[in-house]
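Asker: For the sequence shown, the working numbering gives the first residue as 11, with consecutive numbering after it.
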Amino acid sequence: MEWTGGCLCGTVRYRATADPIRAVHCHCAMCRRASGAAFLTHVHFPIADFVWTAGEPTRYRSSSQAERGFCARCGSTLTMHEAVLDDRVQVSLGSLDDPERVRADDHVWTLRQLSWVPVDDALPRFEKTSAAVPSRALDGDGS
Ligand SMILES: [Zn+2]
Ligand SMILES: [Zn+2]
């Protein structure tokens with residue numbers, strides 16, 4: 011299954027040739043700040059099946075455990091790279107050409123979820139990181 015996406019201006023483009031490993035809604039303060047949105051949905055693709063087809067994101071080291079990628083021209087939030095999850099590339103849901111195809115697995119960092127963001131799905135919720143992955147991503151206010 012092929013998945014494509016990129017930034018708002020088109021300078022950075024990518025293609026994945028495997029389905030996502032998982033997709034997660036992160037409500038942490040750092041993802042909120044980095045994306046400008048109420049929460050950020052990360053879609054994880056195996057790094058072996060992922061290529062940049064135009065440009066590459068500029069990386070910002072947001073913590074000792076992670077770097078975040080964005081387009082240096084238009085500023086679109088594009089990627090998350092965690093040291094403990096180096097088998098994958100995490101792209102922001104909104105960068106996909108067809109985000110409708112994504113099925114999210116869970117919510118993480120719900121401790122930081124905005125009180126007025128309604129969540130009426132039946133997905134698992136984790137106050138901090140998910141039991142599904144060994145993420146050590148740090149919440150902006152927590153550490
Ligand atoms: Zn761009
Ligand atoms: Zn987060």
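Note that the Cβ used here is the ideal one computed from N, Cα and C, for glycine as well.
Starting from the C-beta of residue 70, find all residues in its chain whose C-beta is less than 6 Å away, skip the five residues before and the five after it, and write them out in chain order.
Answerer: 78
Asker: Taking only runs that begin and end inside the region 66 to 114, name each unbroken beta strand (DSSP E) of 3 or more residues, in chain order.
Answerer: 68 to 73, 76 to 80, 87 to 92, 98 to 102
Asker: What's the call for residue 19, buried or exposed, on a 16-neighbour Cβ count within 10 Å?
Answerer: exposed
Asker: Counting along the chain, where does the alpha helix (DSSP H) carrying residue 44 start and finish?
Answerer: 39 to 45
Asker: Span of the beta strand (DSSP E) holding residue 116?
Answerer: 116 to 118
Asker: What does residue 34 pair with, by DSSP beta-bridge criteria?
Answerer: 52, 116
Asker: According to the neighbour-count rule (16 or more other Cβ atoms, all chains shown, within 10 Å of its Cβ), is residue 126 buried or exposed?
Answerer: exposed
Asker: Would you kindly work out how many angstroms separate the C-alpha atoms of residue 140 and residue 64, rounded to a whole number?
Answerer: 32 Å
Asker: Comparing alpha-carbon positions, which option in 11, 120, 21, 82 lies nearest residue 40?
Answerer: 120
Asker: Across which residues does DSSP place residue 62 in a beta bridge pair?
Answerer: Residue pairing by DSSP places residue 62 opposite 24 in a beta bridge.
Asker: Which residue marks the beginning of the beta strand (DSSP E) containing residue 14, and which one marks its end?
Answerer: 13 to 16
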